[in-house]
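Q: Residue numbers (this note's numbering): 37 to 298.
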Amino acid sequence: MRKCLNLLTNAATFLSTGILLVLLTSQSSLACSDSSFPTQIGRNFKVEVFDRGKPVEGLEIELSTDSEGQEKSHTVLIVKTNAEGSAEFKSVKPRLYYLGIKHPAFASSIILKVMRRPPKKDSDTVTFHWPGWKPLSTQYVAGSLTGRARTSRPTIIDMTSPPVYSVVPGATLTLFKAVSGEVVSSQPSQEAGKFEFKGIPAGLYLLRVETPVLNPVHWIYPTDGYVPIEVDPASQFTGVDLELDNAICGELAWGRPEGKPH
Numbered sequence: 037m038r039k040c041l042n043l044l045t046n047a048a049t050f051l052s053t054g055i056l057l058v059l060l061t062s063q064s065s066l067a068c069s070d071s072s073f074p075t076q077i078g079r080n081f082k083v084e085v086f087d088r089g090k091p092v093e094g095l096e097i098e099l100s101t102d103s104e105g106q107e108k109s110h111t112v113l114i115v116k117t118n119a120e121g122s123a124e125f126k127s128v129k130p131r132l133y134y135l136g137i138k139h140p141a142f143a144s145s146i147i148l149k150v151m152r153r154p155p156k157k158d159s160d161t162v163t164f165h166w167p168g169w170k171p172l173s174t175q176y177v178a179g180s181l182t183g184r185a186r187t188s189r190p191t192i193i194d195m196t197s198p199p200v201y202s203v204v205p206g207a208t209l210t211l212f213k214a215v216s217g218e219v220v221s222s223q224p225s226q227e228a229g230k231f232e233f234k235g236i237p238a239g240l241y242l243l244r245v246e247t248p249v250l251n252p253v254h255w256i257y258p259t260d261g262y263v264p265i266e267v268d269p270a271s272q273f274t275g276v277d278l279e280l281d282n283a284i285c286g287e288l289a290w291g292r293p294e295g296k297p298h
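1) Can you give the Cα-Cα distance for residue 166 and residue 95, rounded to whole angstroms?
2) Considering only C-alpha positions, which residue in the set 206, 258 and 81 is nearest to residue 125?
3) Would you call the region 131-150 and the region 95-108 touching, i.e. three or more CB-CB distances under 8 angstroms?
4) Beta-carbon within less than 6 angstroms of residue 152's beta-carbon, same chain only, minus the 5 sequence neighbours each way: which residues are those?
5) Assuming the contact rule is C-beta atoms closer than 8 angstroms, residue 281 and residue 184 should be a hit. Round their C-beta distance to whole Å, please.
6) Going along the chain, which residues of its own chain have a beta-carbon closer than 7 angstroms to the beta-carbon of residue 269, five neighbours each way excluded?
7) Can you name, in chain order, every residue of its own chain whose Cβ lies under 6 angstroms from the Cβ of residue 271, other than the five neighbours on each side?
8) Could you give the distance in angstroms between the alpha-carbon of residue 231 and the alpha-carbon of residue 223?
9) Check whether the Cβ atoms of residue 205 and residue 229 lie closer than 8 angstroms to each other.
10) Measure the alpha-carbon distance for residue 255 versus residue 79 and round it to whole angstroms.
11) Using the beta-carbon count (16 or more within 10 Å), is residue 140 buried or exposed?
12) Helix or strand or just coil, what does DSSP make of residue 58?
13) Cα separation between residue 246 and residue 109?
14) Checking 8 angstroms against the spacing of the C-beta atoms, do residue 240 and residue 262 come in under that value?
15) According to DSSP, which residues form a beta bridge with residue 241?
16) Measure from the alpha carbon of residue 225 to the alpha carbon of each residue in 106, 203, 287 and 275, then state which is nearest.
17) At which residue ranges does the region 85-159 contain complete alpha helix (DSSP H) runs of 4 or more residues, listed in the order of the chain?
18) Which residue from 267, 215 and 291 puts its Cα closest to that of residue 118?
19) Suppose contacts are defined by Cβ-Cβ distances below 8 angstroms. Is residue 182 in contact with residue 84 by that definition?
20) In angstroms, rounded to a whole number, what distance separates the CA positions of residue 116 and residue 123?
21) Candidates 275, 258 and 267: which alpha carbon is nearest residue 289's?
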């Protein structure tokens, strides 16, 4: 399953590849941002963050003001989730806010309306599911990198033919711990697109892919993006071969080559 298949791909190509379209957010398939309808809540509330049903510890939850008139939005408070995946906010001043996960790769936010007397039917808990994508499972962080390439003139994208993927040499690959953002290691992809990060313990990671910009531009996909990877000794995969493509909203789409399950 490929993340965020480009919506411009024609129907014939879409049906032949059998790739499943994944929604950018759990709230809407028509927008690239979270819902603009505010969530009503009281002055004391809790935020919970889960990853496939398990609590996520150590994520920063940011509460910031909504801009009003000449007043610009600013951060009010940042709280890290605890071992239960929760963060508490108390005695918050009634007004409109942005509430969300502060993260360089997989941020998420909602508009929050804090009220002195919220409707009784409304919950005092806000729940996020992070990172929101099923990571690629693998025993080892090693494999090959290919990306969707242009097959016509640099200013034209051919959407009538099946996509063509070429090896991606010279891309800067940086492996981060998913929650903390701590850099584990960095290396370039080799001439054949190969890469290998040795001795990576089990856990959830993000692989940042920064592709050199060539002149003329050779690639269709975004040149900077993140891929979630879960290292698991019990995984059915010993490596993680990647195909990169263009997603809706200009994000990086990623997945295993056709024929290999997600």
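Note that CB positions come from ideal geometry on N, CA and C, so glycine has one too.
A: Reading off the structure:
1) When rounded, the distance between both Cα atoms is 10 angstroms.
2) 81
3) yes
4) 130
5) 5 angstroms
6) 175 and 238
7) 173, 174 and 175
8) Across the structure, residue 231 and residue 223 are spaced so that their CA atoms are roughly 8 angstroms apart.
9) Between residue 205 and residue 229, the CB-CB gap stays under 8 angstroms.
10) Rounded to whole angstroms, residue 255 to residue 79 spans 49 angstroms at the Cα level.
11) exposed
12) The predicted model places residue 58 with a pLDDT of 33, which falls under 50 and marks its position as unreliable; any figure quoted below should be read in that light. Coil at residue 58, not helix or strand.
13) 30 angstroms
14) no
15) 213 and 265
16) 203
17) none
18) 215
19) no
20) So the alpha carbons of these two residues sit roughly 6 angstroms apart.
21) Measuring from the Cα of residue 289, the nearest candidate turns out to be 258.
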